[in-house]
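Written out below as structure tokens is the structure these notes cover.
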Amino acid sequence: MEYNDFALLIKKYRSFRKKTVYEVADFVDVSPTYISQIENGKKLPSKKVLFPLVRFLGLKNDKGYWKKVENEEFDGLDLLEVYAEYKKINSKELFHEYFNYVSDEIKTNFNELQDLERRKNNKFSVNKKNGDIEPTKKPYFDLEWLLTQDQYHVFYGRNYNIQKINKDNVSLSEFSLYNILNDIDIKIIKGLIDAYISNKYMELTEENHIKYFSKE
């Protein structure tokens with residue numbers, strides 16, 4: 173059986189999208205031969221391939237509206253309609269499955285972006301015993317951040333009266349803050365740490381950071 177109507181639509185979309193067979197195949201995660209077979213009407217994709225294919229080829233403009241060319245809407249939904257006809261399945265149910273797929277993809281991408289942002293800004297904790305990683309609101313475990321932020325006071329243990337507070341002249345709650353480091357202390361401590369780290373470890377600039385962590 174040949175699927176010429178579906179094949180023609182795929183070609184039309186790919187041509188308008190100005191994408192090669194290889195680019196489409198790469199996004200959908202199939203071989204270029206697989207896409208060619210679809211475009212030649214020899215194969216009808218599975219839903220697993222269909223949904224990312226429709227999502228990739230459906231177009232929106234900068235304002236989020238579907239683009240129209242010669243009064244045609246390139247939203248990808250006609251691909252679903254033709255597919256449903258060939259498969260003899262309910263098109264509304266297929267649309268529902270597709271929109272659920274898109275919704276799940278958006279959630280996944282959003283979560284991945286959030287995770288990337290957290291990791292980039294060290295907003296996480298790592299358990300020494302089991303290696304578990306947990307997100308944090310701020311990079312509390314990034315010593316550089318702690319010594320440069322200006323929102324919170326930084327403490328050092330409870331063994332030194334850093335603020336030189338006379339407990340006889342202040343309330344108990346005020347005296348409990350005797351271990352707050354002042355700005356000069358923090359600056360000196362950070363300078364010592366910077367000197368130690370820079371002498372012992374290689375600095376990663378923006379350029380060599382990418383090169384250092386890229387795969388060979």
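In our numbering, the protein residues as written are 173 to 388.
The C-beta atom is built at its ideal place from N, Cα and C for all residues, glycine as well.
Cβ-Cβ distance between residue i and residue j below 8 Å
| i | j | result |
| --- | --- | --- |
| Y350 | N333 | yes |
| G248 | V226 | yes |
| F188 | P224 | no |
| N294 | P311 | yes |
| L319 | V326 | yes |
| Y185 | L229 | yes |
Residue environment, residue i, which counts as buried when at least 16 other CB atoms sit within 10 Å
| i | result |
| --- | --- |
| I182 | buried |
| R291 | exposed |
| L180 | exposed |
| F282 | exposed |
| T280 | exposed |
| L364 | exposed |
| I261 | exposed |
| Y328 | exposed |
| I356 | exposed |
| I146 | What is shown of the chain runs 173 to 388, which leaves residue 146 out entirely. |
DSSP bridge partner residues for residue i (one or two, in chain order)
| i | result |
| --- | --- |
| S297 | E306 |
| F327 | I352 |
Backbone secondary structure at residue i - three-state DSSP
| i | result |
| --- | --- |
| F271 | helix |
| F147 | Residue 147 lies beyond the residue range present for the chain, which begins at 173 and ends at 388; the question has no answer from this structure. |
| I358 | helix |
| N262 | coil |
| D366 | helix |
| K214 | coil |
| Q321 | coil |
| T377 | coil |
| Y255 | helix |
| E242 | Residue placement at E242 is poorly supported in this model, since its pLDDT is 44, which falls under 50; the coordinates still yield a value, given next. Three-state DSSP puts E242 in coil, outside helix and strand. |
| Y206 | helix |
| E174 | coil |
Separation of residue j from residue i, as counted between CA atoms
| i | j | result |
| --- | --- | --- |
| Q323 | E346 | 19 Å |
| V196 | L216 | 15 Å |
| Y175 | F296 | 51 Å |
| E265 | F178 | 19 Å |
| K259 | D250 | 14 Å |
| F271 | L252 | 11 Å |
| K239 | F267 | Confidence in K239 is poor, its pLDDT being 49 and thus under 50, which makes the residue's placement unreliable; the coordinate value appears in the next sentence. Those two C-alpha atoms are separated by around 19 Å. |
| Y373 | E306 | 26 Å |
| G303 | N341 | 47 Å |
| Y368 | L288 | 29 Å |
| K207 | T377 | With the sequence shown as reference, residue 207 is identified as Ile, and Lys is not the correct amino acid for it. Approximately 41 Å between the Cα atoms of the pair. |
| K336 | Q286 | 43 Å |
| E375 | D366 | 11 Å |
| V202 | V221 | 8 Å |
| I358 | S370 | 18 Å |
| S218 | K309 | 41 Å |
| K362 | N354 | 12 Å |
| K214 | E257 | 16 Å |
| T192 | K301 | 49 Å |
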